[in-house]
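Take a look at the structure set out below.
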Amino acid sequence: MKTLITYCTTHGCTEKTATELKQFFGGEVLLVNLKKEPVPDLSSFDRIIVGGSIHAGQIQKKVKDFCTQNIDVLKNKELGLFICCMEEGEKAEIQLQDAYPNSLLQSAKATACLGGEFNFNKMNFFQKMIVKKVAKVDDSVSQINHDAIKRFSQQMNQIFNPFMFFV
């Protein structure tokens, strides 16, 4: 199986997550940072996973544009959608629902919120000031959810066998 993992990262969290996710898939797996690399021909992939990080409640514009421009192709692939964010539970789920078109969410084999991080070493002064004020965080913190990454990959790797219900 040939897998494409497309993502956008602002401070590196989504890139770390995509790289960790890659190790759970067999076959050929290609990572593409939508900010830096051209998107290959999507028709040559069996599975496509799309991810991005949430900033001020929104996913990156490049991720939104990628999904909008390729919506018909994505709906006909084995699709996975994820976000990286610092929210948890219902708030994270709302951010996930807001990040992607509803038709993609409905056709996705798996969706997930995979945690997030505030990396002060990669933030500018203004970003640090906002995080300190809004999130009340004074230093770098990582809440990448490695168990959620593993569960997401397991969902993507599941093979549906309609005959297994008759055993």
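When we follow this note's numbering, the leftmost residue of the sequence shown carries the number 14, and every step to the right adds one.
Glycine included, each C-beta is placed from N, C-alpha and C at the ideal position.
In this text, all values refer to a predicted model and were calculated from it rather than measured experimentally.
Below 7 angstroms between beta carbons: does that hold for residue i and residue j?
i	j	result
K12	S120	No information on residue 12 is available, as it lies outside the stretch 14 to 180 that the chain covers here.
K75	K48	yes
C98	A105	yes
F131	V147	no
F95	L127	yes
L17	I61	yes
Q108	E100	yes
G129	C26	yes
D152	K145	no
So, with DSSP's three-state summary, where would you put residue i?
i	result
H159	helix
T19	strand
Q71	strand
A112	helix
I172	coil
A31	helix
Pick from the options: whose alpha carbon is nearest that of residue i?
i	options	result
N170	P51, D59, T23 and K49	D59
H68	K122, D151 and I143	I143
A31	D111, K145 and L44	L44
T81	H24, A112 and V42	A112
Tell me the rounded alpha-carbon separation between residue i and residue j.
i	j	result
M136	A161	26 angstroms
T22	Q167	23 angstroms
K149	K141	10 angstroms
E33	K163	9 angstroms
E185	K122	In the structure displayed, the chain extends from 14 to 180; residue 185 sits before or after that span and is not available.
L118	I84	11 angstroms
N134	F37	29 angstroms
In or out: residue i buried (at least 16 other Cβ within 10 Å) or exposed?
i	result
V52	exposed
H159	exposed
G70	exposed
E28	buried
F139	exposed
T124	buried
A19	According to the sequence displayed, residue 19 carries Thr and not Ala. Buried, by the Cβ-count rule.
G64	buried
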